[in-house]
Every structure is written in C-alpha cells, then in structure tokens.
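Chains A and B supply the protein sequences, listed in that same order.
Each residue of the first sequence is one higher than the one before, starting from 1 at the first, in my numbering.
Each residue of the second sequence is one higher than the one before, starting from 1 at the first, in my numbering.
Worksheet: the structure to be examined is printed underneath.
Number of protein chains: 2
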Amino acid sequence: MVRLSKKMEYALMALKHFALAEGGIVTAKEISEKHNIPYELLAKILQKLKKDKVLSSIQGTKGGYQLLKKPDEIDLFFLMHTIDGDMALTECQCSHNENGKCTLKELCTIKQPVTKMQKEIEDIFKSKTVSDFV
Amino acid sequence: MVRLSKKMEYALMALKHFALAEGGIVTAKEISEKHNIPYELLAKILQKLKKDKVLSSIQGTKGGYQLLKKPDEIDLFFLMHTIDGDMALTECQCSHNENGKCTLKELCTIKQPVTKMQKEIEDIFKSKTVSDFV
DNA sequence: TTAATCAAGACTAAATTAGTCTTATTTGGG
DNA sequence: CCCAAATAAGACTAATTTAGTCTTGATTAA
Numbered sequence: 001m002v003r004l005s006k007k008m009e010y011a012l013m014a015l016k017h018f019a020l021a022e023g024g025i026v027t028a029k030e031i032s033e034k035h036n037i038p039y040e041l042l043a044k045i046l047q048k049l050k051k052d053k054v055l056s057s058i059q060g061t062k063g064g065y066q067l068l069k070k071p072d073e074i075d076l077f078f079l080m081h082t083i084d085g086d087m088a089l090t091e092c093q094c095s096h097n098e099n100g101k102c103t104l105k106e107l108c109t110i111k112q113p114v115t116k117m118q119k120e121i122e123d124i125f126k127s128k129t130v131s132d133f134v
Numbered sequence: 001m002v003r004l005s006k007k008m009e010y011a012l013m014a015l016k017h018f019a020l021a022e023g024g025i026v027t028a029k030e031i032s033e034k035h036n037i038p039y040e041l042l043a044k045i046l047q048k049l050k051k052d053k054v055l056s057s058i059q060g061t062k063g064g065y066q067l068l069k070k071p072d073e074i075d076l077f078f079l080m081h082t083i084d085g086d087m088a089l090t091e092c093q094c095s096h097n098e099n100g101k102c103t104l105k106e107l108c109t110i111k112q113p114v115t116k117m118q119k120e121i122e123d124i125f126k127s128k129t130v131s132d133f134v
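Below, the structure written as structure tokens:
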C-alpha cells in the first residue's frame, strides 16, 4: 500500500495554514483546533519542522511558530524526510539497508527496475511544494 | 512512508519467475525455495493472482500454476489492487471512504492537490508492467 | 492408496503508525 | 515574583497494518 502518513497530511495542512498566515506567528493550539489535529502530535511535527529550518519558534506567552522558508521552497521529498524519515519503495532501497541488511540479498531479482521506479516517484515528490497545496 | 508491500515484492519476483519459465507449469514450492519466500504467504499471493486471471492453476500431483496473461499485459496498478487492495495516497481518496468515513471531512484542506498527485503516481504504476521486471 | 499439489480461512506475531502522558523550560504580563 | 500560555522532548500506550503460520480439506498422477 502506497500512502501518505497522517503526519504528512497534518504537516501539509499546517504548512498551508502558515502560508495563508503570510509570515505571522501561529500557535500549535490554533492549528490543532482549526483543523482537528491532535495537539501533541501536531506539536511534535512542528518541532521537527523547526529542527529542519522550515519553521522558527518563539517560546513563552505570545510565542508560536513562523515560516522560515517560502512555501515554494518546501518540496514534498524534503518534507517526507523531515516527517517520516527514509522514503524507499522497497526495503533494499533505503539507506540503512545498503550494507546488506536486506534479507533478500542477491536473491532479490527485481532490484534494478524498482530503483528506476523509485526515482520516478521521488521526482514527483520533488516536483511538488507546499505552494501547490495552498 | 511510501513503500511497496512485501507481498508486492513477492508477487513481482514470482511473476518474473513465471515469465522466465515461458508458459511452463511452476509450483509454489519451487518459487518459494528459489527466492526464499515464505511458502504459505506465496501460496496465498498465487491464489489471488489466479482469482484475478493472471495465473491459471492445475491441481493434484504434477500440478502448479501457469501464466494466463502476457508479462506486458500485467501492469503494477492492476497488481496492487489484486495483491494489496485499494491504493490511495490518503485515506479520503480511497473508494471505501467516498461516503464520508474520512474523519477530516470538509476540514481537510489539501484534498484536491493530493488527488492530482495521486493520479500522477497511479500513472507511474500503470506504465510499468511485469515485463519491465524480467 | 499415497504423496504432491492447490484452496481457503483462521490465527498469531511483528512492525509501523498514531496518539497520549508527563515533565520540563521559556517568557510576557499582572 | 508568580502565573498562564506557549514551546521542547522523550517515554509510553494504543491502534492499525503487514507479515507470517497453522490447520484442514480437495484434487489428481502414479
């Protein structure tokens, strides 16, 4: 099954919200309530986005988050890495398995064409940015 | 995370095996042993492929499976449906949720662009056939 | 009759994903 | 100074999905 994680959906919804706020400060609570996203979960997503320099944060009362990058500078491939970690179509393609952890090893007879397909799907994700979702 | 299921990998490996057997009868056991695929799991995959007219089966001793379709007639989109069921990038895109089961409902603000992206990814799957994996 | 095979469904286990809880820390304002 | 509202971070639990196993039965060539 090929599917965006809930986290990715939430991240996109949140980033759309930030984009529409046009640089203003927005709190996790505001986004959580407006879009019906579990607060704690959203908070962690925003923290990840901060860690990867997509957002900046302001602590304390009157605090919140702000967009650091422009919506059209945030592509979905980057976002997937930030939110979900490695994106790979099959186990043997992802980076932490390059050194022979894939149980199929040389027995796996479909690796090459899968790699090609992987590339094509990655390109789709790279070609989409948050601005496409606003 | 976007990833092919193990079942899809196994199905592709098995179908490649059938393709190379050029119409000959192949048993589940043979494929299972040669490619290190759990027998019972593979057996169920082959049964699904039979149900969707990709393979035909012959029961009894000397039995086995045979390709019914040509490798280039079996595209990965069809295969995903056969093996994994619905393929949808987000919950609200998949057919069994059309009637309002998606918890985000109208609150979901990213539906349209996701639908477009979904279409592009589906097109990639439709453009690949088993013959690309042989 | 027996052994090898497909057929089918129930069951269990493992892995992943989603969501919650708890305990800080920061900071503006009364 | 203290409180309330906010971010920060990690442990924990729950739910879902995926992978794999077990069992029982039917078919058929030798």
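For each residue, glycine too, the CB sits at the ideal point set by N, CA and C.
It should be emphasised that the depicted structure is a prediction, and the values quoted were computed from it without experimental measurement.
CB contact below 7 Å: A:Glu30 versus chain B: No, because no Cβ of chain B sits closer than 7 Å to the Cβ of A:Glu30.
Beta-carbon neighbours of A:Phe133, restricted to chain B and to distances below 7 Å: Chain B residues near A:Phe133: Ile110 and Pro113.
Cβ contact check for the region 114-127 of chain B and the region 16-34 of chain A: 3 or more pairs under 8 Å: Short answer: they don't touch.
Between the CA atoms of A:Lys111 and A:Asn36 - distance to the nearest angstrom: Each residue's Cα considered, the two are about 41 Å apart.
The region 121-132 of chain A contacting the region 9-24 of chain B, beta-carbon criterion three pairs below 8 Å: The region 121-132 of chain A, when compared against the region 9-24 of chain B, does not touch it at the 8 Å Cβ threshold.
Neighbour flag for A:Glu122 against chain B, beta carbons, 7 Å: Using a CB distance cut-off of 7 Å, A:Glu122 does not count as an interface residue toward chain B.
Residues sharing a beta bridge with B:Val129, DSSP: For clarity, residue 129 of chain B is Thr in the given sequence; the question names Val instead. In DSSP, B:Thr129 forms a bridge with B:Asp75.
Contacts around A:Lys34, its chain only, beta-carbon distance under 6 Å, and the 5 residues preceding and following it disregarded: Counting only Cβ-Cβ distances below 6 Å, and skipping sequence neighbours, we find nothing.
A:Ile58 - containing beta strand (DSSP E), residue span: Element bounds for A:Ile58: Leu55 to Ile58.
Beta-carbon contacts of B:Asp123 that lie in its chain and below 8 Å, excluding the five residues immediately before and after: Apart from the 5 residues on each side of it in sequence, B:Asp123 has no Cβ closer than 8 Å to any other Cβ in its chain.
is_contact[A:Leu67, chain B] using C-beta, thresh 7 Å: For A:Leu67, not one C-beta of chain B is nearer than 7 Å to its own C-beta.
Residue environment, B:Gly64, which counts as buried when at least 16 other CB atoms sit within 10 Å: Of the other Cβ atoms in all chains shown, 16 or more fall within 10 Å of the Cβ of B:Gly64; this residue is therefore buried.
Separation of A:Leu89 from A:Leu42, as counted between CA atoms: Rounded to the nearest angstrom, the two C-alpha atoms are 26 Å apart.
6 Å CB neighbourhood of B:Phe125 in its chain, flanking five on each side removed: Sequence-distant Cβ neighbours of B:Phe125 in its own chain, meaning closer than 6 Å and more than five residues away, are Leu76 and Phe77.
Residue environment, B:Glu73, which counts as buried when at least 16 other CB atoms sit within 10 Å: B:Glu73 is exposed by the Cβ-count criterion.
Nearest to A:Leu49 (by Cα), restricted to the options A:Pro38, A:Met80, A:Thr61 and A:Tyr39: In this structure, A:Met80 is the residue among A:Pro38, A:Met80, A:Thr61 and A:Tyr39 with its C-alpha nearest to the C-alpha of A:Leu49.
Whether B:Leu68 touches B:Ser57 by CB criterion (7 Å): Going by C-beta atoms, B:Leu68 is not nearer than 7 Å to B:Ser57.
CB of B:Lys7 within 7 Å of CB of B:Ile31, strictly: Contact check for B:Lys7 against B:Ile31 fails: the beta carbons are separated by 7 Å or more.
A:Lys16 and B:Thr109 closer than 7 Å at C-beta: Yes, these two residues count as a Cβ contact at 7 Å.
Beta-carbon separation (whole angstroms), B:Ile5 vs B:Asp84, contact threshold 8 Å: Correcting the residue identity first, residue 5 of chain B is Ser in this sequence and not Ile. Between B:Ser5 and B:Asp84, the beta carbon gap of about 5 Å places them in contact (Cβ cut-off 8 Å).
Spatial distance of A:Lys53 from A:Pro113 (CA atoms): When the Cα atoms are used, A:Lys53 and A:Pro113 turn out to be separated by approximately 34 Å.
DSSP bridge partner residues for B:Leu67 (one or two, in chain order): For B:Leu67, which the question treats as bridged, DSSP gives the partners B:Leu55.
Any C-beta of chain B under 7 Å from that of A:Lys16: A Cβ of chain B is located within less than 7 Å of the beta carbon of A:Lys16.
Element boundaries [alpha helix (DSSP H), containing B:Glu30]: Judged by DSSP secondary structure, B:Glu30 falls within the alpha helix (DSSP H) whose first and last residues are Ala28 to His35.
Local conformation of B:Thr109 per DSSP, three classes: Coil.
Pick from B:Pro71, B:Ser127 and B:Thr115 that is closest to B:Leu12, judged by C-alpha positions: That would be B:Pro71, whose Cα lies nearest to the Cα of B:Leu12.
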